Each structure stands twice: as C-alpha cells, then as structure tokens.
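Notes follow the structure.
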Amino acid sequence: RARILSGMQPSADSLHLGNYLGALVQWRAMQEEYDAVYMIVDLHAITVPQDPGVLAQRTRVTAAQYLAGGIDVDKCTLFVQSHVPEHTQLAWVLNCLTGFGEASRMTQFKDKSLKQGSDTASVGLFTYPILQAADILLYQPEGVPVGEDQRQHVELSRDLAQRFNHRFGETFVVPQAFIQKESAKIQDLQNPAAKMSKSAESPNGLINLLDDPKVTAKRIKSAVTDDGTEIRYDKAEKPGVSNLLAIYSALSGKPIAAIEAEYQGKMYGHLKVDLADLVVSELAPIRARAQELLADPAELDRLLAVGAQKAREVAAVTLEEVYRKVGFLAPV
Ligand code: TYM
C-alpha cells in the first residue's frame with residue numbers, strides 16, 4: 006500500500022468544521038486505502054506562545070477528536086510529533102540545506118509574523134516549514150493530503166528532498182501534495198471571504214466539534230448570507246450562501262447542483278435550519294465519544310505511545326541513513 010502522511014496542530018480547545026471536513030474526513034477515508042501516518046504536531050504549536058498546561062491538554066483533546074471522528078489506530082499510525090525525536094533531528098539537517106531567502110518566501114510566515122510583529126515572531130515560526138518538511142520526509146510518503154493553504158510547504162519539502170538526493174545520493178521519496186477538493190474548503194460563517202480558522206476575529210464564525218449543539222445551531226442560523234434571495238452556488242457574488250452549500254454538500258454527500266435544485270424557491274432560512282440539523286447530527290456523536298475518551302486519559306496516552314513506537318521504527322531508519330550520508334561519524 007502506498008504511504009500518505011498528514012498532520013494537524015493542537016492549537017485550540019476544539020477542532021473546527023474546516024479541520025473536520027478539510028482534513029479529518031479525508032484522513033478517515035484514506036486510512037482504508039493507504040498506509041496512513043497521522044500526527045499531532047505539538048512542536049509546531051510552540052512556534053507561537055503557548056501555556057504549557059493548556060498545550061498538553063489540547064494535545065489530548067485533539068487526539069480524542071481524531072479517534073472519535075473515526076481515525077482507527079489499528080488501520081493507521083497516529084502519534085504525537087514530540088514523542089519522535091527524529092523530527093527535530095532531521096529538521097536540523099534540512100535547516101542547513103535551506104536558503105535564507107527561500108525560507109523568507111513562505112507566505113504563511115509572512116502573514117503570521119506580520120500579525121505578531123517581527124520583534125515578537127520567533128525564529129521557530131520562521132523555520133516552521135522546514136520542520137514540516139522533516140515531518141514528511143522521515144516517513145517517505147508518496148502523498149501529503151492537505152488544504153490549499155499548505156501547498157507551499159509541501160512544495161518546499163519536495164525541493165528539499167530533491168536537493169538532498171542530488172547532493173548526497175538517492176534517499177528521499179519526493180512527495181506529492183494531495184490537495185483537498187474545493188468543496189472541502191470551509192469559510193468563516195461571519196466573514197466568508199476568510200477561511201474558517203481558530204484565529205478568527207469573532208468566535209461566531211466558527212463551528213467547533215466540541216461545542217454545545219445549541220451553540221452550533223445558533224451560529225449556523227446567524228451565518229452571514231448575501232443580498233438577494235436565491236440559493237445558488239456562486240463564490241464571487243454569494244460567498245456566504247456558497248459556503249453553506251459547500252458544508253451541506255460535504256456532510257450529506259449530495260452534489261451542490263442537487264441541493265440547489267432542492268431549495269429552488271425556498272428561503273435562506275430554510276437552508277439554515279436544515280443545515281443546522283445536519284451539522285448537529287453529524288457532530289453530536291463525535292462530541293460524545295470524544296468526551297468518553299477524555300475521561301480516561303491514561304488509555305489515550307497508551308494509544309499514543311503505541312503510535313509513537315510504530316512511527317519511530319520508520320523514522321529511525323531514515324534518520325540513520327541521512328546521518329550517514331551527511332558524514333556524521335557513527336557512534337560506537
Ligand atoms: P493546520 O493544523 O493549520 O490544519 C490542518 C489541516 O486542516 C486544513 N484546514 C482546512 N481545510 C478546510 N477548510 C478550512 N477552513 C481549514 N483550515 C485548516 C489544513 O489545510 C490542513 O490540511 N502546517 C500544518 C500542520 C503540519 C503538517 C505536517 C501537515 C505539520 N507538519 C506534515 C502535513 C504534513 C498546519 O498548520 O495545519
């Protein structure tokens with residue numbers, strides 16, 4: 006089976022609907038067909054200031070949501086990035102192969118550091134895509150399923166793989182980005198020009214997996230819609246309604262055209278009421294299951310330890326080869 010790999014940050018108290026539809030749902034499907042490696046990237050999370058106790062809890066909460074959402078540790082490898090030290094070890098080698106200008110061109114760094122100001126943005130935030138390249142290349146995957154926002158980072162990992170192979174001999178598989186479908190890209194409910202993101206200005210634009218169903222329903226019903234009354238998918242003219250249709254389609258599995266036909270002549274309110282039901286009935290069992298898992302943190306930690314063990318077996322082989330090729334003296 007071909008290998009794929011992906012990761013998600015433990016950077017909020019709950020995953021949001023964008024993470025769920027854009028990543029988790031795809032991961033769940035892909036573990037059936039691929040040798041899938043999934044990680045919770047806590048090393049990436051500390052590129053911006055974190056509260057230690059909160060970070061540890063968010064790592065568990067993220068793991069619980071993966072499992073509750075159908076990630077099955079018997080079908081894939083699920084682990085926490087900091088449990089596998091090879092990530093930072095390979096990242097150092099790749100840091101030394103990356104040009105300063107090349108790293109400076111990463112648009113996500115530019116956006117995030119602009120928000121923080123260049124004096125407070127950390128060097129870790131700057132080298133973040135290189136750590137991501139290490140995450141990927143250690144496992145020699147063929148595909149990296151991510152959203153469009155991560156395309157540039159996967160490109161960098163391809164460039165670094167090729168550069169290393171060229172300089173030191175064939176070592177890394179050059180991975181491909183598997184970019185999710187357009188309909189899996191979820192926008193903010195209050196500001197449909199922006200992607201749904203935990204760093205949004207208002208929490209009302211977010212649907213969180215672990216929120217109370219009443220909050221979820223209320224946020225959908227108060228989502229920003231557009232002028233006019235027609236329920237039609239048109240991202241330029243009707244970004245709000247289009248986002249609701251995309252969510253509807255992703256959850257129901259119905260094509261957008263079929264949903265448009267169903268709601269012909271109906272009002273935005275009808276669509277919102279039905280969508281709220283659909284979202285709540287999808288998320289409620291996941292929320293309940295995640296809460297059950299979180300009630301037994303020792304068992305959760307045990308599952309993650311098993312995952313880390315499986316991951317290390319692969320990562321150690323790659324790192325050992327890299328160290329040898331770079332010219333590091335083997336310890337005796
Ligand atoms: P992160 O944690 O920001 O996002 C995880 C995944 O969710 C996707 N995503 C979305 N999809 C649809 N709609 C949205 N509104 C939305 N918001 C986020 C992202 O595209 C991503 O696929 N740097 C990565 C984590 C990472 C990683 C890796 C990924 C670290 N190492 C190795 C792949 C391989 C990140 O911050 O993702």
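The opening position of the sequence shown corresponds to residue 6 in the UniProt record's numbering, with each subsequent residue numbered one higher. Just so it is clear, CB atoms sit at the ideal spot from N, CA and C, and this is done for glycine as well. In this text, all values refer to a predicted model and were calculated from it rather than measured experimentally.
Near the ligand TYM: residue i beta-carbon under 7 Å from a heavy atom
| i | result |
| --- | --- |
| Ala303 | no |
| Gly245 | no |
| His49 | yes |
| Ser207 | no |
| Ile191 | yes |
| Gln14 | yes |
| His158 | yes |
| Leu10 | yes |
| Asp18 | no |
| Gly152 | yes |
| Lys277 | no |
| Asn24 | yes |
| Ala28 | yes |
| Ile141 | yes |
| Ser109 | no |
| Ser204 | no |
| Gln155 | yes |
| Lys200 | yes |
| Val46 | yes |
| Gln195 | no |
| Gln269 | no |
| Gln137 | yes |
According to DSSP, residues forming a beta bridge with residue i
| i | result |
| --- | --- |
| Thr103 | Looking at the DSSP assignment, Thr103 forms no beta bridge with any residue, so it has no partner. |
| His21 | Asn213 |
| Ile9 | Ala41, Gly148 |
Residue i burial status per 10 Å Cβ neighbour count (16 or more: buried)
| i | result |
| --- | --- |
| Val246 | buried |
| Thr67 | buried |
| His92 | buried |
| Leu334 | exposed |
| Gln14 | buried |
| Phe84 | buried |
| Thr125 | exposed |
| Leu119 | exposed |
| Ala69 | buried |
| Met35 | buried |
| Met272 | exposed |
| residue 374 | Nothing about residue 374 can be read from this structure; the chain reaches only from 6 to 337. |
Every unbroken beta strand (DSSP E) inside the region 159 to 200 [3 residues or more]: 181 to 184
Length-filtered (4 minimum) alpha helix (DSSP H) runs lying within the region 30 to 90: 30 to 38, 47 to 50, 57 to 73
Length at least 4, wholly inside the region 213 to 270: the alpha helix (DSSP H) runs in chain order: 218 to 226, 244 to 257, 261 to 267
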